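Chains as they are written, first to last, in the working numbering: chain B, 1 to 336; chain L, 1001 to 1336; chain Z, 2001 to 2336; chain P, 3001 to 3336.
Number of protein chains: 4
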Amino acid sequence: MVKIGVIGYGYWGPNLVRNFNNKNFSRVTLISDLSEQKLLKARATHDVETTNDFNTLINSEQVDAVVIATPVFSHFELGMAALNAGKHVLLEKPMASTSEECRLLIAKAEEKGLCLMVDHTFLYTGAVQKLKDLVKSGELGKLQYLDSTRINLGLLQPDINVLWDLAPHDLSILIHLFDEDPVSVQASGISHTSNGIENIAYMTVNYASDFIAHFNCSWTSPVKIRQMLVGGDNKMAVFNDMEPTEKIKVYDTGFEVKSDEDKRNILVDYRVGDIHIPKIEMKEALAGLAKDFCDSIIDPTRTPKSSSALGISVVKMLEAADTSLKEGGKAVNLFK
Amino acid sequence: MVKIGVIGYGYWGPNLVRNFNNKNFSRVTLISDLSEQKLLKARATHDVETTNDFNTLINSEQVDAVVIATPVFSHFELGMAALNAGKHVLLEKPMASTSEECRLLIAKAEEKGLCLMVDHTFLYTGAVQKLKDLVKSGELGKLQYLDSTRINLGLLQPDINVLWDLAPHDLSILIHLFDEDPVSVQASGISHTSNGIENIAYMTVNYASDFIAHFNCSWTSPVKIRQMLVGGDNKMAVFNDMEPTEKIKVYDTGFEVKSDEDKRNILVDYRVGDIHIPKIEMKEALAGLAKDFCDSIIDPTRTPKSSSALGISVVKMLEAADTSLKEGGKAVNLFK
Amino acid sequence: MVKIGVIGYGYWGPNLVRNFNNKNFSRVTLISDLSEQKLLKARATHDVETTNDFNTLINSEQVDAVVIATPVFSHFELGMAALNAGKHVLLEKPMASTSEECRLLIAKAEEKGLCLMVDHTFLYTGAVQKLKDLVKSGELGKLQYLDSTRINLGLLQPDINVLWDLAPHDLSILIHLFDEDPVSVQASGISHTSNGIENIAYMTVNYASDFIAHFNCSWTSPVKIRQMLVGGDNKMAVFNDMEPTEKIKVYDTGFEVKSDEDKRNILVDYRVGDIHIPKIEMKEALAGLAKDFCDSIIDPTRTPKSSSALGISVVKMLEAADTSLKEGGKAVNLFK
Amino acid sequence: MVKIGVIGYGYWGPNLVRNFNNKNFSRVTLISDLSEQKLLKARATHDVETTNDFNTLINSEQVDAVVIATPVFSHFELGMAALNAGKHVLLEKPMASTSEECRLLIAKAEEKGLCLMVDHTFLYTGAVQKLKDLVKSGELGKLQYLDSTRINLGLLQPDINVLWDLAPHDLSILIHLFDEDPVSVQASGISHTSNGIENIAYMTVNYASDFIAHFNCSWTSPVKIRQMLVGGDNKMAVFNDMEPTEKIKVYDTGFEVKSDEDKRNILVDYRVGDIHIPKIEMKEALAGLAKDFCDSIIDPTRTPKSSSALGISVVKMLEAADTSLKEGGKAVNLFK
């Protein structure tokens, strides 16, 4: 049993605690939060000790691994302290405020031989696993585009813009599904508040091959849309997360381009076929994440699905998007 | 009765002829096309004369006004010839291949005192008129964003990219609804064919005030989406053109931003209210366009809804998008 | 080429004329209607002769087969006259006002060796053909139920109730899909007008085997629903005719009943699987009907899909429903 | 604070306990169940005492009111015992196995001056309260029909048919919305199991005025539908319980019947107007029910919304439906 300490018992913390408190592979032994009221609630719900000092938690012998569910600006400091104390670390997404912070965390984890992972929960949903299967098996064919819309009425956050809040979900799925390293990122957006933090933003990720990814994020839409299109040259999958069960729809529709000698003459043959709605396994994604984390602690040769490498890639793209936003939307290169 | 000559009897021409052939204000007297077969079909359906020489049509005394429904590259030559021959002109959208061509056409029409109009049909639909009412009456409040997705399986065109094909619809609606001149345009996209012409593209239009417009266009999606969000600080309207009758949904939902002295502390109050689906008048949009054109011929002081000024604005934004696509997505200024 | 005469050029007549006027197997030579204006319209659209005397049409040597698209009360008289004149007959649905009339028409057609058919157009749609394939191939398994809802704002008719207007579509599909003879019919309903003719009605068709069919028909619903569930013990198909293309959805979901010795203990194992949306061929159903009629004229050994046997079965069930409505909803037996 | 004892801690019991355990008006003091494991779970979750003997609970001084959440066949015995012990009683729906049992329970409660109520939870949902408002305010006009479809894959129950399981929800809403006493009930259905208990059934409720109600219930549909149409002569409301938030849609569409002297000539004028989706208050229905029960205990002059009178009416209609099923669907009168 991996003994887990959880820092931060706000919105997401209780879900993490519930899933790490299982009978199979882990147990939450200690929870820390600055709010005494939240700790009271934690103790009322779980058989657990609490502290309002995260250092106590990080240095506790009752803790093998630290789960950090605090605002992103504190990830680096807390994560570094935990790694230095010899604890495995799971960070809430996004991994940290800058890619440099991510790089230092990764280096430290490697140095210490500890597991460092990021909570990109979506990767553990039945829907994303089905998408991965569709890509991996070659059913979609060669990937051509990923286009995601994630908009609704969201809490405007004072320190991060809408891309840092919403896009990590989509970016983690993008990296999970499409292996190639992106070349550049473009972004545009707007702030409707006086603090200049974008509440609506659009982001394009470009690749050397003929693949493109686009993200539409908004905190300001009364209509809630959670829709991702993943198009291949053979089939196309739509992931509509607002559907209670029919989340993935696979369109057996493609087109074949035939150009004759005159390059300008493009002949396109469309093929319209059946649509398939595969059964999606309904399971709690966080349970899969918790297991992946603990498995990767026990077996250090194992790379978890939501790895630190994936985590830093997400942050690099968000950083590039910020730069692009500041520089009028121009393509910002992603240096490896 | 305005006597109409129509050049081009391909995909859209027959619809134009049907709507200009009415008992109230206009009659189609002459049709020209290079294909004898199409002219045969025209004569079989309508009581009309035909010619395969557009010059004959342009110079015919049987023609007061020329409707040009040919590929965009020919709009300038044909439009100029018609204006020079003293005919009023309606051009299929987009108005011409470059804004310079548009400018010259507008100057010629002014010089000759002739009506020059562009066929942005959408402006005459019941749905767009309802959107205009919602904006004009102040019901939506101060406009904050317009976000449009127009994707499906489309015919890849050999000479123009997907923005020139699909975005004119949305850009014309944007200009119709939102009065302010845009400042810059950003675009990103990809070509999946060897000719390098984008079949998927994204476009952002920026403004001096805190309004933003975004367009997502694709010829490569098996899922057909025709959805536009028009958000104001009071209400938000969704225009879903795939709905047979319930095309407009108005969300009485908004948020009020309250920042205290510390600018970083943004407090947002959401208000979630009813949804309203106004009845949309079902009428043929082209009939309204035909009437607007003829009315504007008869009364030279009248500015048609789908004016040449609107037409050139659309082309300027498409030109800027092309430049942005070539220059890695950077914001391209729209000089007046 | 079969020479066709069409009686009745009202709502449906023009569609029939267009589909029988083809280059392959038939030609409309003569149209009759009581309204001179409608005949004028017919002559303007088609190269056809017209008459306002149906007797002239029935006895014309220019006519091999008569298509009767008049109100149902006139079907018997017109059909009988045409058969007596040696013409093949296609009757608009429902076949006639009573099953006795149907019986006499069938007897006359047999006596004369002529083709007698009913226009149950739905049987020729791609969607119903797909349903038939799903049943015939055994994919759905043993059929257990058919449940149809066909409601919207409809024109209240002065001489027939909502079941006679709307249910023939569903009943013809029922007979086409499920071979067994029904045992009895129950119906309930209500009239919201002073003439006592039901504008809302419900109808159940019972069978000796454990299959049941149910129909919900209304002229009084602002919501338009056209939905049919066809359930087998293996899979279930939903036919939603309001969907533009995705009309058929096949649910690979079933249940297996396991009763142990104590009959009251029913154990049910549910199996929830994928959903499949087969591609439906988009074609004009009336073209298929026209071809079936002409083929059956040319080859007298052939039984058309929408046969007179199917036509009389539909009328028998409607008659039984009327009786049930009058007798408080009790099950009315269908004697063969 | 009303002290509540709960008998039955199975599927629904925990929800009842959670809602009666509040800080405002009631507290659960005692829970009884035959399963020791369930009682263990109850004690782990709540600060409550438990017993496996319902008699202990019924006679406990710690209990003012008994909530009975056991299978329907036991409602009468348990309810009677509780009333005889001087306790107020809330019965899970349906109230009892027969209307005679309901009658005896009501008589006993009256004799003892105790509150007797049935848990028709739906009456306390925001959606049904909105429907009630629409009826009461006259917005829908004179009610003409109620048509409900409640189908999905459900657990086939060994002792009651699908109507007794699913229809109580709809029947309670019907009675709540429409005041008139029904005249008769018709039903049809089928059993796909060897025990002869209907898993699919249809039910019509007839009235002296021109109102009709129809119910379509199934445990055998892979498609889950929860849809109710409530039509008035002014507007029509659709209640779609599968929608997460937009549950009620009000169609401002109606028709006016104008008959001229000849009664057969019905002229109908349709009016198609806007659609309105009112905001529904999202609240836990059971909390409202718990409060209504406690309020009615404290104030004996108060009639709760989900009264015993409503409860017996539901059972009378179900009984009549059973009789109709046995007698071939004929209309079974509901004697008062």
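Virtual Cβ for every residue (Gly too), placed ideally from N, Cα, C. In this text the structure is predicted, and so the values were computed from the model without any measurement.
Using a cut-off of 7 Å between C-beta atoms, extract the partners of Pro-1222(L) located in chain B. Met-236, Tyr-251, Thr-253
Where does Lys-2247(Z) sit, in a helix, a strand or coil, going by DSSP? coil
Partner residues on chain C for Glu-2246(Z), Cβ-Cβ distance less than 7 Å: Protein chains in the displayed structure are B, L, Z and P, and chain C is not among them.
Chain-ordered neighbours of Val-1272(L) on chain P, where CB pairs are closer than 7 Å: Lys-3279
Applying a beta-carbon distance threshold of less than 9 Å, which residues of chain L neighbour Ile-200(B)? Gln-1144, Tyr-1145, Asp-1147, Ile-1212, His-1214, Gly-1231
Are the C-beta of Asn-2161(Z) and some C-beta of chain P separated by less than 9 Å? no
Using C-beta distances below 6 Å, list every residue in its chain close to His-1169(L), excluding the 5 sequence neighbours before and after it, in chain order. Phe-1122
Report the option in Lys-3279(P), Phe-3073(P), Arg-3027(P), Val-3089(P) whose CA atom is closest to the CA atom of Ser-3308(P). Val-3089(P)
Span of the beta strand (DSSP E), counted from its first residue to its last, around Phe-2215(Z): 2212-2218
Does DSSP classify Leu-1083(L) as helix, strand or coil? helix
Quick one: using the 10 Å Cβ neighbour count with 16 as the cut-off for buried, is Ile-2298(Z) buried or exposed? exposed
Contact criterion: CB-CB distance below 9 Å. Does Ser-1137(L) meet it with respect to chain B? no
Opposing strand residues paired with Met-3001(P) [DSSP bridges]: Looking at the DSSP assignment, Met-3001(P) forms no beta bridge with any residue, so it has no partner.
Proximity to Asn-1024(L) [Cα-Cα], best of Pro-1304(L), Val-1332(L), Thr-1301(L), Ala-1287(L): Ala-1287(L)
Under a three-way DSSP split, which group does Thr-1303(L) fall into? coil
Please name the residue, chosen from Gln-1186(L), Tyr-1202(L), Glu-1198(L), Ala-1208(L), that lies closest to Ser-191(B) on a Cα-to-Cα basis. Ala-1208(L)
DSSP three-state call for Asn-3019(P): helix, strand or coil? helix
Does the Cβ-Cβ distance between Val-2128(Z) and Ala-2331(Z) come in under 9 Å? no
Per-residue DSSP class, three states only, for Ser-2296(Z): helix
Taking 8 Å as the cut-off, is the beta-carbon of Ile-3068(P) closer than that to any non-hydrogen atom of the ligand SAH? Here there are no bound small molecules, and the ligand SAH is not part of this structure.
Three or more C-beta pairs closer than 8 Å, one from the region 3103-3118 of chain P and one from the region 3193-3209 of chain P: is that the case here? no
Comparing C-alpha positions only, which one of Pro-304(B), Met-80(B), Thr-45(B) sits nearest to Phe-54(B)? Met-80(B)
Using a Cβ cut-off of 9 Å (strictly closer), state whether Thr-2204(Z) contacts chain P. yes
For the alpha helix (DSSP H) that His-1169(L) lies in, which residues bound it at each end? 1162-1177
Step through the CB atoms of chain P and report whether any lies within less than 9 Å of the CB of Ile-2297(Z). no
With DSSP run on the structure shown, which of helix, strand or coil describes Ala-960(L)? Because residue 960(L) is not part of the residues shown, which for chain L are 1001 to 1336, the question remains open.
Could you check whether Ser-2032(Z) and Ile-2007(Z) sit closer than 9 Å to each other, using their CB atoms as the reference points? yes
Let me make sure I understand the geometry here. Which of Tyr-3251(P), Ile-3106(P), Met-3228(P), Glu-3319(P) has the alpha-carbon closest to that of Glu-3243(P)? Met-3228(P)
Could you spell out the range, first to last residue, of the beta strand (DSSP E) harbouring Gly-1189(L)? 1184-1190
Using a Cβ-Cβ cut-off of 6 Å (strictly less than) and excluding sequence neighbours within five positions of Gly-1154(L), which residues of its own chain qualify? Trp-1219
May I have the straight-line CA-CA distance separating Pro-1222(L) from Lys-2279(Z), to the nearest angstrom? 13 Å
Between which two residues does the beta strand (DSSP E) carrying Asp-1147(L) extend? 1143-1153
Boundaries of the beta strand (DSSP E) in which Thr-2121(Z) is found, first to last residue: Unbroken run through Thr-2121(Z): none, as it is neither H nor E.
Which of the three DSSP states, helix, strand or coil, is assigned to Lys-1330(L)? coil
Listed from N- to C-terminal order along the chain, which residues in the region 177-191 of chain B have their beta-carbon within a distance smaller than 8 Å of any beta-carbon of chain L? Ser-184, Gln-186, Ser-188, Gly-189, Ile-190, Ser-191
Taking the alpha helix (DSSP H) that Thr-3056(P) falls in, what are its first and last residues? 3054-3059
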